[in-house]
Structures are given as structure tokens and as C-alpha cells.
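J.:
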Amino acid sequence: MGAMSPYAVRIVGDPVLRQKAAPVVDIDAKMHKLVEDMFTTMYAAPGIGLAAPQVGVQKRFFVFDMGDDEGGQQVLINPEITGSDGEWTYEEGCLSVPGRYFEITRPKQIEITGRDLDGNEVSFEADELLARLMQHELDHLDGVLLLDHLDADQAKDAKKFVRELQMQQYDDAQAELAPRKRLGLRLR
Ligand code: CO
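So my numbering is basically just the index in the sequence shown, starting at one, shifted up by 5.
Here it is in C-alpha cells:
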């Protein structure tokens, strides 16, 4: 995360990542600004997809960019998977579980509907990487993380990693608080 990033991406352990997000009702100016800031945050991370709960916003939408050949910057609002087919095991990562990839099996193809930022209904027949990205981001809207898709061996391995990640988060937060605490004491 660079200094240019409008948001800090929430890391596993943050309760906001475990809540079910609410449908988007109004696609207003505030929402447009939020989407813009989420793209900036996503590129800075860097990542190819980012769901609203990952920046602490409990709304059902995500942004993604798989490159110009795949349509560039896109937003999917109130997404719903309407069909799926096949099975595909592939390495998957998450900005909220940084530094680690896991082999995860998911449907290879999906049909998904939702709305774009203009409020128009859109649908995708997505395959492989795009299908995976969309399933991963939609999971975030339901409080589900890739850690929930691990088999027993992977879960055991992930447990230690996640604990260390959370301890690091705690240390970082304490380090950020420390100067403020000192200032507080001086003022008192
Ligand atoms: Co993720």
C-alpha cells in the first residue's frame, strides 16, 4: 500500500471482512467517488480486484481490472451468480490475506448478473481467471474469505501464517499509536 492509496485494505481478523454486505440502493455521487478511490487503492496494492468490504464499506459491489483486452476498469454492483459449470483448481491470493497463495478449486465457468455504475443491468459469461476473480470478490460481499475454501492440510498451514499476519497488524497499529500516546501524556 503506497502513500497515494486512499484506503488501507482491511486484513484478515478485521470483523468487517466477516459481515454480509447490504445491497446498493442508490448509485450516487458518493458511490462514484468511492469507486474511484477503490480503483486507486486496488492499483496501489497492487491487485486486480477489490470488494467494498475490503475498504470497510458494507455494500454489495466490487471493482476489477483484468487489463484492457478484458474491458479494463469495471464495477459490478449487486452481483448474483445465476449458473456455474466445471471445476478448476488454481492458485489464488487475496489483498486481505497478503503474501500467500493457495490452490483452490472452484467452478471454472460462471454466469453472473448485476449492474454497472450507470445502473444498467449487465451479465457476464466468465471463464477461468475472470470467473475466479468474480467468485472470489462476490465471496467478500458475503463475509467469506479464500481461507474458507481450504482443505484440512492447507487450513493447518494457513493458521500459523494468519496468526503471524494478525500479530504484525497489531504491532503496526501499536507503532502508529505510540507517538500519539506520548503526545497525549505530555498534554495531560
Ligand atoms: Co480477496
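Just so you know, even glycine gets a beta-carbon here, dropped at the ideal spot from N, CA and C. Small disclaimer: the values here were computed from a predicted structure and weren't measured.
Between which two residues does the beta strand (DSSP E) holding Gln114 run?
T.: What you label residue 114 is simply residue 109 of the sequence shown in a count that begins at 1. First-last of the beta strand (DSSP E) with Gln114: 114-120.
J.: From what residue to what residue does the beta strand (DSSP E) around Asp31 run?
T.: Sequence index remark: in the sequence shown, residue 31 carries index 26 (1-based). Here Asp31 belongs to no beta strand (DSSP E), and DSSP marks it neither H nor E.
J.: Could you tell me the boundaries of the alpha helix (DSSP H) in which Asp144 lies?
T.: Translated into the one-based positions of the sequence shown, residue 144 becomes position 139. Taken as a continuous stretch (DSSP letters only), the alpha helix (DSSP H) holding Asp144 covers 133-146.
J.: Do you know whose CA, among Thr46, Leu151, Asp153, Glu126, lies nearest Asp84's CA?
T.: Residue numbering aside, residue 84 sits at position 79 when the sequence shown is read from its first letter. Note on identity: in this sequence residue 84 is Pro, with Asp being the wrong assignment. Ranking Thr46, Leu151, Asp153, Glu126 by Cα distance to Pro84 puts Glu126 first.
J.: For Pro28, which residues from the same chain have a beta carbon less than 6 Å from its beta carbon, with the 5 sequence-adjacent residues on both sides left out?
T.: As a position in the sequence shown, residue 28 is number 23, starting the count at 1. Excluding residues within five positions, the ones whose Cβ falls inside 6 Å are Arg65, Asn83.
J.: Could you tell me how far apart the beta carbons of Val17 and Leu170 are, in whole angstroms, since I believe they sit closer than 8 Å?
T.: Translated into positions along the sequence shown, residue 17 becomes position 12. Translated into positions along the sequence shown, residue 170 becomes position 165. Yes, Val17 and Leu170 are in contact; Cβ-Cβ is about 6 Å, under 8 Å.
J.: Output the distance between the C-alpha atoms of Gly7 and Ile115, rounded to the nearest integer angstrom.
T.: Along the sequence shown, read from residue 1 onward, the residue named residue 7 stands at position 2. Along the sequence shown, read from residue 1 onward, the residue named residue 115 stands at position 110. At Gly7, the pLDDT of 47 sits below 50, so the modelled position is not reliable and the matter cannot be decided from this model.
J.: Can you tell me where the beta strand (DSSP E) holding Glu97 begins and where it ends?
T.: Reading the sequence shown from its first residue, position 92 is the one you call residue 97. It spans 93-97 - the beta strand (DSSP E) in which Glu97 sits, taken as one unbroken run.
J.: What whole-angstrom Cβ distance do Phe69 and Gln59 have, given they're in contact under 8 Å?
T.: Counting from 1 along the sequence shown, the entry for residue 69 is found at position 64. Counting from 1 along the sequence shown, the entry for residue 59 is found at position 54. That pair is no contact at about 12 Å.
J.: Taking all protein chains shown into account, do 16 or more other C-beta atoms lie within 10 angstroms of the C-beta of Thr110, making it buried, or fewer, making it exposed?
T.: As a first step, residue 110 must be located in the sequence shown, where it is residue number 105. Exposed.
J.: Contact check, Arg23 vs Gly148 under 8 Å by CB: the rounded distance?
T.: Within the sequence shown, the letter at position 18 stands for residue 23. Within the sequence shown, the letter at position 143 stands for residue 148. Contact flag correct, Cβ pair sits at about 4 Å.
J.: For a test of your reading of the model: does the CB of His154 fall under 7 Å from any non-hydrogen atom of the ligand CO? Yes or no.
T.: The residue you call residue 154 lines up with position 149 of the sequence shown. Incorrect: His154 has no Cβ contact closer than 7 Å to the ligand CO.
J.: Anyone know if the C-beta pair for Ala2 and Leu152 falls short of 8 Å?
T.: This structure does not reach residue 2, given that the chain is present from 6 up to 193, and the question cannot be answered.
J.: Using the three-state DSSP reduction, which class does Gly7 fall into: helix, strand or coil?
T.: Sequence index remark: in the sequence shown, residue 7 carries index 2 (1-based). Any reading at Gly7 needs caution, since the residue's pLDDT is 47, under 50, leaving its predicted position unreliable; the model's value is listed next. Coil.
J.: CB Pro112 to CB Gly91, shorter than 8 Å?
T.: Taking the first residue of the sequence shown as position 1, residue 112 is located at position 107. Taking the first residue of the sequence shown as position 1, residue 91 is located at position 86. Yes, Cβ-Cβ distance for Pro112 and Gly91 is below 8 Å.
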